[in-house]
């Protein structure tokens, strides 16, 4: 898994590519990302499956923010990003949420 970030020329947006590796997907047939950026919808942001079994999606996020998120694999298994910027306790479960930070450095 991993996060790839790039900032717009005017420094107002951060393009973040979220990736679930084939190893982490464990043979999943579909993946979605849910988080602060899509009101935690488990269906609004599907990820594209690559030939190698990994999944990815790129989102444009506002800069200087933190966004909590998780991946939903095959509509049944929630996963965190192994390379998230940090983790925070989820308010509604006994788990952690991944966090991506879009702070300008």
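In the numbering used here, the protein residues as written are 1352 to 1456. By construction, the Cβ of each residue, glycine as well, lies at the ideal position given by its N, Cα and C atoms.
Pick out whichever of 1353, 1364, 1377 has its Cα sitting closest to the Cα of residue 1427. Nearest C-alpha to residue 1427 among 1353, 1364, 1377: 1377.
Look at the alpha carbon of residue 1363 and the alpha carbon of residue 1386, and state the distance between them as a whole number of angstroms. Distance from the CA atom of residue 1363 to the CA atom of residue 1386, rounded to whole angstroms, is 20 Å.
Within 8 Å, do at least three Cβ pairs link the segment 1437-1447 to the segment 1391-1409? The segment 1391-1409, when compared against the segment 1437-1447, does not touch it at the 8 Å Cβ threshold.
So, with DSSP's three-state summary, where would you put residue 1458? The displayed coordinates of the chain run from 1352 to 1456. Any statement about residue 1458 would go beyond what the structure contains.
Tell me the rounded alpha-carbon separation between residue 1300 and residue 1418. Because the chain is modelled from 1352 through 1456, residue 1300 falls outside the range shown and cannot be assessed.
State the Cα-Cα distance for the pair residue 1403 and residue 1434, rounded to the nearest angstrom. C-alpha of residue 1403 to C-alpha of residue 1434: approximately 19 Å in a straight line.
To the nearest angstrom, how far is the alpha carbon of residue 1424 from that of residue 1355? Distance between the alpha carbons of residue 1424 and residue 1355 is about 20 Å.
When you compare the CB positions of residue 1416 and residue 1430, do they come within less than 8 Å of one another, or not? Their beta carbons are not under 8 Å apart, which means residue 1416 does not touch residue 1430 by this criterion.
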